[in-house]
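The opening residue of the sequence shown carries number 627 in the numbering used here; numbering runs sequentially from there.
Even for Gly, the Cβ is constructed at its ideal location relative to N, Cα and C.
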Amino acid sequence: MPLYEFRCTDGTTFEAAHSMVEVPDSLNCPDCGAPARRRISPPRLSIAGTAAYSLIDATKRSAHSPAVVSSPGPGKPGRQRAYSPNPLHQKLPRQ
Ligand SMILES: [Zn+2]
627 MPLYEFRCTD GTTFEAAHSM VEVPDSLNCP DCGAPARRRI SPPRLSIAGT
677 AAYSLIDATK RSAHSPAVVS SPGPGKPGRQ RAYSPNPLHQ KLPRQ
């Protein structure tokens with residue numbers, strides 16, 4: 627049975643397993659007893675980490691519609707941007 631996510635008005639989120647035919651739109655919260663609405667959440671089809679899957683999704687997306695910019699973003703003209711925002715990296719020798 628798939629897991630469904632519910633959230634009450636207090637913000638408590640809990641999961642409950644129901645069959646896809648019998649899943650209710652709301653359940654009573656185990657903490658406060660208030661009706662908790664079913665949330666729309668992505669199905670957990672894999673145990674892989676979300677970081678790995680977000681990378682896979684980004685790679686698939688960039689293959690079909692790569693993010694192309696038409697102009698550089700807004701910035702101060704005449705001043706070259708640092709490569710890294712970390713101040714410790716400023717002390718490293720430049721190429
Ligand atoms: Zn609650």
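Any non-hydrogen atom of ligand 1 within 7 Å of residue i CB
| i | result |
| --- | --- |
| A660 | yes |
| D683 | no |
| D657 | yes |
| T638 | yes |
Within 8 Å, strictly: CB atoms of residue i and residue j
| i | j | result |
| --- | --- | --- |
| L653 | A660 | no |
| R665 | E631 | yes |
| T638 | C655 | yes |
Cβ neighbour criterion (16 or more within 10 Å) applied to residue i
| i | result |
| --- | --- |
| C658 | exposed |
Which listed residue (the options) has its alpha carbon closest to that of residue i
| i | options | result |
| --- | --- | --- |
| E648 | L629, T638, C634, G637 | L629 |
| A642 | D636, T635, D651 | D651 |
| H644 | P711, M627, K717 | M627 |
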